[in-house]
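If you use the working numbering, the sequence shown corresponds to residues 2 to 465, in order. Just so you know, even glycine gets a beta-carbon here, dropped at the ideal spot from N, CA and C.
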Amino acid sequence: MLICVDYPDEIVLARQDSAPLVIGFGQGEFLCASDIPAILPHTHAIVTLENREMAILTPLGVEICNFQGDRLRKQPHILSGSAIVTDKQGFRHFMLKEIYEQPGVVRNCLDAYISSNWTADQATNPIHLGLADEFYPDIENIQIVACGTSWHASLVGKYLLEQLAGIPTQVHYASEFRYAPPPLTPHTLLIGVTQSGETADTISAIAMEQERRANKPAQFHLRCLGITNRLQSTLARMVDNLIDTQAGIEIGVAATKTFMAQLMAFYCLSLDLAYRRQTLTLSQIERIITQLHHLPGQMESVLPTQEQQIETLAHGFSETQDFIFVGRGINFPIALEGALKLKEISYIHAEGYPAGEMKHGPIALLDEKVPVVAIAVPGSVYEKVISNAQEAKARDARLIGVASPQDPHAMEIFDDLLPVPEVDEVLSPLLTVIPLQFLAYHIAARRGLDVDQPRNLAKSVTVE
Ligand code: AGP
Numbered sequence: 002m003l004i005c006v007d008y009p010d011e012i013v014l015a016r017q018d019s020a021p022l023v024i025g026f027g028q029g030e031f032l033c034a035s036d037i038p039a040i041l042p043h044t045h046a047i048v049t050l051e052n053r054e055m056a057i058l059t060p061l062g063v064e065i066c067n068f069q070g071d072r073l074r075k076q077p078h079i080l081s082g083s084a085i086v087t088d089k090q091g092f093r094h095f096m097l098k099e100i101y102e103q104p105g106v107v108r109n110c111l112d113a114y115i116s117s118n119w120t121a122d123q124a125t126n127p128i129h130l131g132l133a134d135e136f137y138p139d140i141e142n143i144q145i146v147a148c149g150t151s152w153h154a155s156l157v158g159k160y161l162l163e164q165l166a167g168i169p170t171q172v173h174y175a176s177e178f179r180y181a182p183p184p185l186t187p188h189t190l191l192i193g194v195t196q197s198g199e200t201a202d203t204i205s206a207i208a209m210e211q212e213r214r215a216n217k218p219a220q221f222h223l224r225c226l227g228i229t230n231r232l233q234s235t236l237a238r239m240v241d242n243l244i245d246t247q248a249g250i251e252i253g254v255a256a257t258k259t260f261m262a263q264l265m266a267f268y269c270l271s272l273d274l275a276y277r278r279q280t281l282t283l284s285q286i287e288r289i290i291t292q293l294h295h296l297p298g299q300m301e302s303v304l305p306t307q308e309q310q311i312e313t314l315a316h317g318f319s320e321t322q323d324f325i326f327v328g329r330g331i332n333f334p335i336a337l338e339g340a341l342k343l344k345e346i347s348y349i350h351a352e353g354y355p356a357g358e359m360k361h362g363p364i365a366l367l368d369e370k371v372p373v374v375a376i377a378v379p380g381s382v383y384e385k386v387i388s389n390a391q392e393a394k395a396r397d398a399r400l401i402g403v404a405s406p407q408d409p410h411a412m413e414i415f416d417d418l419l420p421v422p423e424v425d426e427v428l429s430p431l432l433t434v435i436p437l438q439f440l441a442y443h444i445a446a447r448r449g450l451d452v453d454q455p456r457n458l459a460k461s462v463t464v465e
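Printed below as a string of structure tokens:
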């Protein structure tokens, strides 16, 4: 963006390669910003500049052209629905409001992508992601690129794609993928996961892979899917197949509801692929779908009491300096996400580990000053997590369990509980992440920190 003293009525904008640029058309004013939320309080009419486009804003209007100087006619796009709700609606912070919006996010995804009242005796696919038919055949392996919280959602996605749909899946940090991509494999699906659709590392990793595969024989051609919360984003414009995560705009820098929405996208995709490849029986699919439909109600019924209990507990940790989060299997990524949420908004050092790895080093950190949060929900790794938690307790760590209040064993071994309702293990991440979001939120709020705008962080990271 350029402003010059000799031309006080002009702002010149140009976009090349990374940062997005948005122009707002307000009442008697034009605005520009690097992201839509900054403009929303002023107008809902926006134009997004593409790569290698520029614009001149004056009091008389907006002129847009490409770098060759050709004038471009671009009609403002009017944002509507949940994309424009930008007030706190009575909540103290956007993050808290967004945590409470999660049942609605699950419902939006169910309404958008899964047939209601589907039963196993119907001979139709219950999942409708709107992806092209050419998208599906012969996928032999999946590579996912993402950063931060989206990377954690992708790790849950890997579990689902492998365990439900039987497709070998690798999850890469986009920033690492760019400089050490794996050898080319045939019949590969690349999935880019980014709530903002603008993260420079993720966008560049996808662009690099598109280029790397462009002139290769047909079996190496890239099939690419984007999972994003922003239909107007760079990601949305660069891929042929897109899943809109339906979460509505997220203002808090710490991602909460968009993480939930990304998880839902992976559940839908995995069930879709499992149906098509017949890796699950119809009654297994029906069981998962039925439980997914119960989830929003289950969440709504526990959220307020869950928050109340966790708030009281969190106050006792406002001076704590280190936390360890552990989980196994499908809940290992949730341990990582719990640690990231705490780090980014409370500035407390926190680490997430697969519980079984503790004995290979991190257990040396433990003493009475380091609380260990263990995700111990019913399922294949329950006993293992409990036994790992006991090992931590033997080192005097204060044990906090993300567990069911109906579990007498958990009540016995944990010093404190972050309560979660019981569901099938495969769906548990949708519930276990919420108490960890509340824990991070209430510790940070108690410390008097700026929960929605933590230091050193930006909502969209548009630089490498
Ligand atoms: C999440 O709480 C973080 N603010 C951050 O890790 C974020 O998830 C990451 O920067 C990726 O963002 P994206 O989903 O918009 O690509």
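- [ ] Would you kindly work out how many angstroms separate the C-alpha atoms of N1 and I37, rounded to a whole number?
- [x] Absent from the model: residue 1. The displayed extent of the chain is 2 to 465, so no value can be given.
- [ ] Assuming I290 and I168 form a contact by the criterion Cβ under 8 Å, report the distance between their Cβ atoms to the nearest whole angstrom.
- [x] Residue mapping note: residue 290 aligns to position 289 of the sequence shown, counting from 1. Residue mapping note: residue 168 aligns to position 167 of the sequence shown, counting from 1. Actually they are not in contact, since the Cβ atoms of I290 and I168 sit about 20 Å apart, beyond 8 Å.
TODO: Scan the stretch 376-461 and note each continuous alpha helix (DSSP H) run of 4 residues or more that stays entirely inside, going in chain order.
DONE: 383-394, 409-414, 430-447
Task: Whole runs of the beta strand (DSSP E) within the stretch 197-263, excluding any shorter than 3 residues - done: 224-229, 242-245
TODO: Flag L437 as yes when its Cβ comes closer than 8 Å to any non-hydrogen atom of the ligand AGP, and as no otherwise.
DONE: In the sequence shown, the residue the question calls residue 437 occupies position 436. No - the ligand AGP has no heavy atom lying nearer than 8 Å to the Cβ of L437.
Open item on the list: DSSP three-state label for L73, please.
Closed with: Reading the sequence shown from its first residue, position 72 is the one you call residue 73. In the structure shown, L73 sits in a strand (DSSP, three-state: E or B).
Task: C-beta contact flag for Q299 and P420 at 9 Å - done: Mapped onto the sequence shown, residue 299 falls at position 298. Mapped onto the sequence shown, residue 420 falls at position 419. It is not a contact, given that the beta carbons lie outside the stated cut-off.
Task: Proximity of T282 and L274 at Cβ, strictly below 9 Å - done: The residue labelled residue 282 in the question sits at position 281 within the sequence shown. The residue labelled residue 274 in the question sits at position 273 within the sequence shown. No. Outside cutoff.
Open item on the list: Considering only their Cβ atoms, is the gap separating P355 from R329 smaller than 9 Å?
Closed with: Sequence index remark: in the sequence shown, residue 329 carries index 328 (1-based). Sequence index remark: in the sequence shown, residue 355 carries index 354 (1-based). Yes, these two residues count as a Cβ contact at 9 Å.
TODO: Using 8 Å as the cut-off, classify the Cβ of L508 as near or not near the heavy atoms of the ligand AGP, replying yes or no.
DONE: Since the first and last residues shown for the chain are 2 and 465, residue 508 lies out of range.
Open item on the list: Rounded to whole angstroms, what is the Cα-Cα separation between D7 and A255?
Closed with: As a position in the sequence shown, residue 7 is number 6, starting the count at 1. As a position in the sequence shown, residue 255 is number 254, starting the count at 1. For D7 and A255, the distance between alpha carbons rounds to 41 Å.
Task: Cβ pair count under 8 Å reaching 3, the stretch 228-238 against the stretch 188-199 - done: yes
TODO: Answer yes or no: the CB of S151 versus the heavy atoms of the ligand AGP, is any distance below 8 Å?
DONE: To locate residue 151, count along the sequence shown from 1; it is residue 150. Yes, since a heavy atom of the ligand AGP falls inside the 8 Å radius drawn around the Cβ of S151.
Open item on the list: Below 8 Å, is the gap between the Cβ of L458 and the nearest heavy atom of the ligand AGP?
Closed with: What you label residue 458 is simply residue 457 of the sequence shown in a count that begins at 1. Yes.
- [ ] Locate the alpha helix (DSSP H) running through G158, then write down its first and last residues.
- [x] Within the sequence shown, numbered from 1, the residue matching residue 158 stands at position 157. That run of the alpha helix (DSSP H) goes 149-164.
Open item on the list: As a quick exercise: from N230, C269, A441, D18, pick the residue whose alpha carbon is nearest that of E251.
Closed with: For the purposes of this step, residue 251 is taken as residue 250 along the sequence shown, with counting starting at 1. It is N230 whose Cα lies nearest to the Cα of E251.
- [ ] Measure the Cβ-Cβ separation of Y442 and I349 and say whether it is below 9 Å.
- [x] Against the sequence shown, residue 442 aligns to sequence position 441. Against the sequence shown, residue 349 aligns to sequence position 348. Not in contact: Y442 and I349 (Cβ atoms no closer than 9 Å).
Open item on the list: Considering Cα atoms alone, identify which of V194, R214, A175 is closest to P187.
Closed with: What you label residue 187 is simply residue 186 of the sequence shown in a count that begins at 1. Taking only the C-alpha atoms, the option nearest P187 is R214.
Task: Beta-carbon contacts of D416 that lie in its chain and below 6 Å, excluding the five residues immediately before and after - done: Counted from its first residue, the sequence shown places residue 416 at position 415. Answer for D416: R399, L400, listed in chain order.
Open item on the list: By alpha-carbon positions, which one of V403, L367, K360, K370 ends up nearest to N389?
Closed with: For the purposes of this step, residue 389 is taken as residue 388 along the sequence shown, with counting starting at 1. The option with the nearest alpha carbon to N389 is K360.
Open item on the list: Quick check: G339 and L431, are their CB atoms within less than 9 Å of each other?
Closed with: In the sequence shown, counting from the first residue as 1, residue 339 sits at position 338. In the sequence shown, counting from the first residue as 1, residue 431 sits at position 430. Not in contact: G339 and L431 (Cβ atoms no closer than 9 Å).
Open item on the list: Assuming contact is defined by CB atoms lying nearer than 9 Å, are L343 and F326 in contact in what I supplied?
Closed with: To locate residue 343, count along the sequence shown from 1; it is residue 342. To locate residue 326, count along the sequence shown from 1; it is residue 325. Yes, these two residues count as a Cβ contact at 9 Å.
Open item on the list: Looking at I145: is its Cβ nearer than 9 Å to the Cβ of S155?
Closed with: Here residue 145 corresponds to residue number 144 of the sequence shown, with the count starting at 1. Here residue 155 corresponds to residue number 154 of the sequence shown, with the count starting at 1. Yes, Cβ-Cβ distance for I145 and S155 is below 9 Å.
Open item on the list: Suppose you measure from the CA of Q171 to the CA of I143; what does that come to, to the nearest Å?
Closed with: Taking the first residue of the sequence shown as 1, we reach residue 171 at position 170. Taking the first residue of the sequence shown as 1, we reach residue 143 at position 142. So the two alpha carbons sit approximately 6 Å from each other.
TODO: For A266, I'd like the list of residues in its chain whose CB is within less than 6 Å of its CB, leaving aside the five on either flank, ordered along the chain.
DONE: By one-based count along the sequence shown, residue 266 stands at place 265. I228, I244, T246, listed in sequence order.
Task: Beta bridge counterpart(s) of M265 as assigned by DSSP - done: Locating residue 265 in the sequence shown gives position 264, counting from the first residue. In DSSP, M265 forms no bridge with anything.
Task: Span of the alpha helix (DSSP H), counted from its first residue to its last, around G339 - done: Against the sequence shown, residue 339 aligns to sequence position 338. 333-347 is the span of the alpha helix (DSSP H), which, as asked, contains G339.
Open item on the list: Assuming contact is defined by CB atoms lying nearer than 9 Å, are L50 and V23 in contact in what I supplied?
Closed with: Numbered from its first residue, the sequence shown carries residue 50 at position 49. Numbered from its first residue, the sequence shown carries residue 23 at position 22. Yes. Within cutoff.
Task: Identified DSSP bridge partners for N142 - done: Counted from its first residue, the sequence shown places residue 142 at position 141. In DSSP, N142 forms a bridge with T189.
Open item on the list: Check this for me: beta carbons of D425 and G380, under 9 Å apart or not?
Closed with: Counting from 1 along the sequence shown, the entry for residue 425 is found at position 424. Counting from 1 along the sequence shown, the entry for residue 380 is found at position 379. A contact, by the Cβ cut-off of 9 Å.
Open item on the list: Less than 9 Å between the beta carbons of L41 and L80, yes or no?
Closed with: Looking up residue 41 in the sequence shown gives position 40. Looking up residue 80 in the sequence shown gives position 79. In contact: L41 and L80 (Cβ atoms closer than 9 Å).
Task: Opposing strand residues paired with G62 [DSSP bridges] - done: Translated into positions along the sequence shown, residue 62 becomes position 61. Paired residue(s): T59.
Open item on the list: For T87, which residues in the same chain have their Cβ closer than 7 Å to its Cβ, ignoring the five residues on either side in sequence?
Closed with: Your numbering for residue 87 matches position 86 in the sequence shown. If we look at T87 and ignore the five residues flanking it on each side, its Cβ neighbours are P38, L41, P42, I250, I252.
- [ ] List the residues that DSSP assigns as beta-bridge partners of L14.
- [x] Translated into positions along the sequence shown, residue 14 becomes position 13. A56.
- [ ] Compute the minimum distance between the beta carbon of Q454 and the heavy atoms of the ligand AGP, and state whether it is under 8 Å.
- [x] Numbered from its first residue, the sequence shown carries residue 454 at position 453. It does not: the Cβ of Q454 is nowhere closer than 8 Å to a heavy atom of the ligand AGP.
Open item on the list: I believe L341 touches H153 by the beta-carbon criterion, under 8 Å. Please report the beta-carbon distance rounded to the nearest angstrom.
Closed with: In the sequence shown, counting from the first residue as 1, residue 341 sits at position 340. In the sequence shown, counting from the first residue as 1, residue 153 sits at position 152. Contact holds; Cβ gap of about 7 Å.
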